[in-house]
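Asker:
Residue numbers (this note's numbering): 56 to 254.
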């Protein structure tokens, strides 16, 4: 279970939010909502351990969320594409798994890329892909990463309607398997259920 207790975040002298409490259990997802600049990405960066809260605590299974167990269980997909342009889509997936200390078989990587409509582009350097196709490489990474908690910042950006539905199905499968997700999005999210958190 992921929980936030009396969480507060500041940027410079400005308070973005305070008094945030929530819990996300196995099979649940949280939709973080709010206007631009209200702190949605800042909250997700706190959850990912990329910055520290001004006040409060983030806990994972009852313990402070700052240990190796939490990092192993976490997948963070930021708003900007974090792919290596000189590598192929296939190499990007395999490198990411290698950095996690895991080996990703080529057939699994290819299947993930094809699920997201990248058939025939697996061996193409990522610099030749469109913004939407680069985003699909990242989504294939989500599919192949064995993480219990997905923290996804605007994951539907630059995706066409079919890819949006594919990602919704992927998150749904993750939740059905006991996973958890925290998602920001300015558009409707095609995933049933979920809790809302308005900043």
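Virtual Cβ for every residue (Gly too), placed ideally from N, Cα, C. Since the structure is predicted, the reported quantities are computational estimates derived from the model, not experimental observations.
Beta-carbon within less than 6 angstroms of residue 258's beta-carbon, same chain only, minus the 5 sequence neighbours each way: which residues are those?
Answerer: Look at the range of the chain in this structure, 56 to 254, and you will see that residue 258 is not part of it.
Asker: Below 8 angstroms on the Cβ atoms is my contact criterion, and I expect residue 177 with residue 212 to pass it. Report the Cβ-Cβ distance as a whole number of Å.
Answerer: With a Cβ gap of about 23 angstroms, residue 177 and residue 212 do not count as contacting.
Asker: Which residues in the same chain as residue 134 place their Cβ atom closer than 8 angstroms to its Cβ, once the five residues preceding and following it in sequence are excluded?
Answerer: 96, 208, 209 and 212, listed in sequence order.
Asker: Alpha carbons only, please: which of 219, 167 and 152 is nearest the one belonging to residue 245?
Answerer: 219
Asker: What does the alpha-carbon distance come out to for the pair residue 188 and residue 126?
Answerer: 27 angstroms
Asker: Taking a contact to mean a Cβ-Cβ separation below 8 angstroms, would you say residue 167 touches residue 193 in this structure?
Answerer: no
Asker: If you reduce the DSSP assignment to three classes, tell me which class residue 170 lands in.
Answerer: helix
Asker: At the level of alpha carbons, what is the spacing between residue 65 and residue 92?
Answerer: 12 angstroms
Asker: What alpha helix (DSSP H) runs, 4 residues minimum, are completely inside the segment 161 to 213?
Answerer: 161 to 170 and 186 to 199
Asker: Could you please give the first and the last residue of the uninterrupted beta strand (DSSP E) stretch that includes residue 231?
Answerer: Residue 231 -> not in any beta strand (DSSP E); alpha helix (DSSP H) instead, spanning 216 to 231.
Asker: With the cut-off set at 8 angstroms, would you say residue 163 and residue 199 are in Cβ contact?
Answerer: yes
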